[in-house]
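Undergrad: Protein sequences appear in the order of chains F and V. In my numbering, each residue's number is its place in the first sequence (first place is 1) plus 7. In my numbering, each residue's number is its place in the second sequence (first place is 1) plus 7. Using N, Cα and C, we set each Cβ at its ideal position, and we do this for glycine too. Since this is a predicted model, take the numbers as computed values, not measurements. For reference, the structure I am asking about is given below.
Number of protein chains: 2
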Amino acid sequence: MGGDFAPEAIVAGVIEALKEFDLSVTLVGLQDKIEKELSKYDYNKEKINILHAPEVVGMHEPATVSIRQKKNSSISVGINLLKSSGHDAFISAGNTGAVVASATINLGMLPGVDRPGIGLVLPTLKRFSFLIDVGANTDPKPEHLLQSALMAHVYMREIFSVANPSIGLLNIGEEASKGSDFSKEAHKLLSGRFRDFIGNIEANEIFSGKCDCIICDGFVGNIVIKVSEGLMESAGALIKREVKKDPLAMVGAALMKSRLQKVKRYADYSEYGGAPLLGVNGLVMISHGRSNPKAIKNAIRAAQREVDHKILETMKAEIYKK
Amino acid sequence: MGGDFAPEAIVAGVIEALKEFDLSVTLVGLQDKIEKELSKYDYNKEKINILHAPEVVGMHEPATVSIRQKKNSSISVGINLLKSSGHDAFISAGNTGAVVASATINLGMLPGVDRPGIGLVLPTLKRFSFLIDVGANTDPKPEHLLQSALMAHVYMREIFSVANPSIGLLNIGEEASKGSDFSKEAHKLLSGRFRDFIGNIEANEIFSGKCDCIICDGFVGNIVIKVSEGLMESAGALIKREVKKDPLAMVGAALMKSRLQKVKRYADYSEYGGAPLLGVNGLVMISHGRSNPKAIKNAIRAAQREVDHKILETMKAEIYKK
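Structure (structure tokens):
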């Protein structure tokens, strides 16, 4: 309910998902608003339930609001529904901090994991890389990065069928001696645990596809995705501004359009749709606040893939064992 | 001497600079190699001196090498020349960590500044923003960010004639309550000192030109510039790959070429050429290891501008006073 285009885009995305995938959905939030949206569509009534949640966590409210004050928000009610009933996964395009806090407190952590991490599937020059953490844990200890790496390793192997996912530590400088005190400590822990640890990876290599799992703290990971988003927007605006000065260049742009759109589609966050919140004891998918219906549909597909691959059970078995 | 294209690109850049600007240069490094390069050009012999430095710090050696082992490296000898003689500024395209370490130890710090910061002039949708620190201090305390902000404020005002430079803290989330413990503490210090403090700025706004001086720790700042570099390269490669599949799109690209080159030139690091190392008691300019002659020439111009604007004296007077 708190996302930028809720509940319109959420409901539209769910309707799309029901056409393509075999699943059923419970929509959690303000019942009248959801019903109003649903009334626009023709769909199988048996596949959609509504669970009323009278409160909404705003996008700019502190994360703890969902736990302390708004216990009847769509986020809190949804997370508790995941915990108590036969639901397989919870998806939200609302306040990320609130989802992280509510999931951590209410679902608890996987054995062997102390803090959650948000993983993001990034398109690269090769195929996909998995960047974790992009914002759940902004003050981690080095061992939290090790736990993130263990989860990322399972995720890339199970969900993307990468046989031996390589692990890289996002750092400034290639050598083990480079970086902050924190990153040197994390480097030691990772190199002691993974055969597939390729060492430090610098930020200019993130999109090259050099490494399957890129590990960093939540502050740095959030900076990476936001600077990428902003740079593409600014570069695009700059190019448009220049091209508009020159009719020939505008013709050129028109001729390139279909190819450029293909690139744009490839790089579009909505193609994957959701970022898994890993480490909590339940499947939680966080979508961009500006998610359009396609992003929501694809987040549902991504969550379904996690269910099909029994990702939670595999993580529980492997991480605790290690 | 340690840079990727040294001494060829350095010497070529100096020759270019001497044609355009009124100054003289001492080239520090392996005398025979420098003389060999110089012999390719016709230039005013009175404007170039050579100071032999028999050792070279490699790009991947630890920063402390220049201080402890290689006291006769071009970096150490150059920094000491700046300290002892009538030279106004020192420029290096070599090992950044070594330059920072050598400058800090040998030149000492400005009164009121505890740690150096590397500032980078970034092209934005408006004009320029100044990002500091991009890699000198990877484990700062919040007060070091305040010191960086004080220096950035002077720099943007004096060098770029911005009347009241705005100060923003690079953070994840807009509200003062957002971010890591470190960034919350830095937010407090900055808001207590600057009238022109606009609060937190998110990474997607860096290139929008919203803020004149963007303050962050050296780890995060280095990530920002490297991810930007890598993303532009990967996006470019991706677009080329797509366009090559379609002859019409290739024609389109040809028609857009001159405009795209203009954008490229605008965004090109070599247009500014050097990143000032602020906080040390001397004018030190750090250039990209891959600097071409144009970048070196422009770094010399940037250093000359710092000299003309008496930036060191102004910083000493203002920061100590505060």
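Taking Cβ-Cβ distances below 7 Å as the criterion, which residues of the region 284–305 of chain F are in contact with chain V?
TA: Within the region 284–305 of chain F, no residue qualifies.
Undergrad: Among T71(F), L30(F) and S187(F), which residue has its Cα nearest to the Cα of K54(F)?
TA: Taking the first residue of the first sequence as 1, we reach residue 54(F) at position 47. Taking only the C-alpha atoms, the option nearest K54(F) is L30(F).
Undergrad: In angstroms with no decimal places, state the Cα-to-Cα distance between L196(V) and E27(F).
TA: Start at 1 with the first residue of the second sequence, and residue 196(V) comes out as number 189. Start at 1 with the first residue of the first sequence, and residue 27(F) comes out as number 20. The alpha-carbon atoms of L196(V) and E27(F) are separated by roughly 53 Å.
Undergrad: Between the Cα of V72(V) and those of G9(V), F167(V) and K247(V), spot the shortest distance and give me the residue it belongs to.
TA: The residue you call residue 72(V) lines up with position 65 of the second sequence. The option with the nearest alpha carbon to V72(V) is G9(V).
Undergrad: At the level of alpha carbons, what is the spacing between G280(V) and I166(V)?
TA: As a first step, residue 280(V) must be located in the second sequence, where it is residue number 273. As a first step, residue 166(V) must be located in the second sequence, where it is residue number 159. Between G280(V) and I166(V), the C-alpha separation is close to 15 Å.
Undergrad: State the beta-bridge partners of N207(F) as determined by DSSP.
TA: Residue 207(F) sits at position 200 when you count from the first residue of the first sequence. Paired residues: L176(F).
Undergrad: For a contact meaning CB atoms closer than 8 Å, what does N229(V) contact in chain F?
TA: Taking the first residue of the second sequence as position 1, residue 229(V) is located at position 222. Those are I179 and A210, listed as they occur along chain F.
Undergrad: Would you give the residue range spanned by the beta strand (DSSP E) that M239(F) belongs to?
TA: Your numbering for residue 239(F) matches position 232 in the first sequence. First-last for M239(F): G225 to V250, but that is the alpha helix (DSSP H), not the beta strand (DSSP E).
Undergrad: Below 9 Å between beta carbons: does that hold for I112(F) and I74(F)?
TA: Your numbering for residue 112(F) matches position 105 in the first sequence. Your numbering for residue 74(F) matches position 67 in the first sequence. Closer than 9 Å, so yes.
Undergrad: Note down, in chain order, all residues in the region 144–178 of chain V with a beta-carbon under 8 Å from any beta-carbon belonging to chain F.
TA: Answer set for the region 144–178 of chain V: T145, D146 and L177.
Undergrad: Are the region 285–292 of chain F and the region 301–319 of chain F touching, with three or more C-beta to C-beta distances below 8 Å?
TA: Yes: the two stretches touch, three or more of their Cβ pairs being nearer than 8 Å.
Undergrad: So what does DSSP say about V287(V), is it helix, strand or coil?
TA: As a working note, residue 287(V) is residue 280 in the second sequence. Correct three-state label for V287(V): strand.
Undergrad: So, is the C-beta of Y48(F) closer than 9 Å to a C-beta in chain V?
TA: Along the first sequence, one-based indexing puts residue 48(F) at 41. With 9 Å as the cut-off, Y48(F) does not count as an interface residue toward chain V.
Undergrad: Short check: CB of A59(F) to CB of L89(F), under 9 Å?
TA: In the first sequence, the residue the question calls residue 59(F) occupies position 52. In the first sequence, the residue the question calls residue 89(F) occupies position 82. The identity of residue 59(F) in the sequence shown is His, whereas the question assumes Ala. No. Outside cutoff.
Undergrad: Any beta carbon from chain V within less than 9 Å of K90(F)'s own beta carbon?
TA: Within the first sequence, numbered from 1, the residue matching residue 90(F) stands at position 83. False, the Cβ-Cβ gap to chain V never drops below 9 Å.
Undergrad: Kindly indicate which three-state DSSP category V258(V) falls into: helix, strand or coil?
TA: Residue 258(V) sits at position 251 when you count from the first residue of the second sequence. Three-state DSSP puts V258(V) in a helix.
Undergrad: Give, in chain order, every residue of the region 52–76 of chain F whose Cβ lies closer than 7 Å to some Cβ of chain V.
TA: Listed by position, the residues of the region 52–76 of chain F near chain V (Cβ gap below 7 Å) are H67 and P69.
Undergrad: With distances taken Cα to Cα, identify the nearest neighbour of F135(F) among E278(F), S46(F) and I303(F).
TA: One-based indexing of the first sequence puts residue 135(F) at position 128. Among E278(F), S46(F) and I303(F), the Cα nearest to that of F135(F) is on E278(F).
Undergrad: So which of G225(V), P118(V) and I82(V) has the shortest CA-CA distance to G286(V)?
TA: For the purposes of this step, residue 286(V) is taken as the residue at position 279 of the second sequence. It is P118(V) whose Cα lies nearest to the Cα of G286(V).
Undergrad: Per DSSP, which one or two residues make a beta bridge with L157(V)?
TA: Stepping through the second sequence from its first residue, residue 157(V) is reached at position 150. Note: L157(V) sits in no beta bridge, so no partner.
Undergrad: Rounded to a whole number of angstroms, what is the C-alpha to C-alpha distance between A16(F) and I179(V)?
TA: Residue numbering aside, residue 16(F) sits at position 9 when the first sequence is read from its first letter. Residue numbering aside, residue 179(V) sits at position 172 when the second sequence is read from its first letter. Computed Cα separation, rounded: 25 Å.
Undergrad: Considering only residues of the same chain and omitting the five flanking positions on each side of Y226(F), which have a CB-CB separation below 6 Å?
TA: Translated into the one-based positions of the first sequence, residue 226(F) becomes position 219. Sequence inspection shows Phe at residue 226(F); the Tyr mentioned does not correspond to that position. T145.
Undergrad: Can you tell me whether T33(F) is helix, strand or coil according to DSSP?
TA: Here residue 33(F) refers to the residue found at position 26 of the first sequence. Strand at T33(F).
Undergrad: Residues in the region 257–285 of chain F with C-beta within 9 Å of chain V's C-beta atoms, listed in sequence order?
TA: So the close ones are M257, V258, G259, A260, A261, L262, M263, K264, S265, R266, L267, K269, V270, Y273 and A274.
Undergrad: Using CA atoms only, rank isn't needed, just tell me which of V63(V), K77(V) and D121(V) is closest to A100(V).
TA: By 1-based counting over the second sequence, the position of residue 100(V) is 93. Of V63(V), K77(V) and D121(V), the residue nearest in Cα terms is V63(V).
Undergrad: Which ranges would you report for the beta strand (DSSP E) in the region 108–148 of chain V if only whole runs of at least 3 residues count?
TA: Listed in chain order, they are 124–130 and 135–139.
Undergrad: So which residues on chain V does L114(F) lean against when the C-beta distance must stay under 7 Å?
TA: Translated into the one-based positions of the first sequence, residue 114(F) becomes position 107. By Cβ distance, chain V contributes nothing, its closest Cβ being about 23 Å from L114(F), past 7 Å.
Undergrad: What do you get for Y162(F), buried or exposed, if any count of 16 or more other CB atoms within 10 angstroms of its CB means buried?
TA: Along the first sequence, one-based indexing puts residue 162(F) at 155. Y162(F) should be labelled buried.
Undergrad: What residues in the region 121–133 of chain F bring their beta carbon closer than 8 Å to a beta carbon of chain V?
TA: Residues T131 and L132.
Undergrad: So, helix, strand or coil for N305(V), using DSSP?
TA: Working through the second sequence from its first residue, we reach residue 305(V) at position 298. Helix, per DSSP.
Undergrad: For chain F, is any of its Cβ atoms less than 9 Å away from the one on E182(V)?
TA: Taking the second sequence and counting its residues from 1, the one referred to as residue 182(V) is at position 175. Chain F, which has a Cβ nearer than 9 Å to the Cβ of E182(V), makes this yes.
Undergrad: Which residues in the same chain have their Cβ closer than 7 Å to the Cβ of P149(V), if we skip the five residues on either side of it in sequence?
TA: Position 142 of the second sequence, counted from the first residue, corresponds to residue 149(V). Only F189, E192, A193 and L196 meet the Cβ criterion.
Undergrad: Using a beta-carbon distance below 9 Å, is F189(F) in contact with chain V?
TA: Counted from its first residue, the first sequence places residue 189(F) at position 182. Yes - at least one Cβ of chain V is within 9 Å of the one on F189(F).
Undergrad: List the whole-angstrom C-beta distance separating L176(V) from A282(V), where the pair is believed to meet the contact cut-off of C-beta under 8 Å.
TA: Here residue 176(V) refers to the residue found at position 169 when the second sequence is read from its first residue. Here residue 282(V) refers to the residue found at position 275 when the second sequence is read from its first residue. Between A282(V) and L176(V) the Cβ distance is about 20 Å, and since that is not below 8 Å, they are no contact.
Undergrad: Within the same chain, show all residues whose beta-carbon is closer than 6 Å to that of S81(F), passing over the 5 residues directly before and after it, in chain order.
TA: In the first sequence, the residue the question calls residue 81(F) occupies position 74. Closer than 6 Å at Cβ, skipping near neighbours: M8, V35, G36 and A60.
Undergrad: Which residues in chain V sit within 9 Å of I213(F), going by Cβ to Cβ distance?
TA: To locate residue 213(F), count along the first sequence from 1; it is residue 206. Here the neighbours are K233, V234, G237, L238 and S241.
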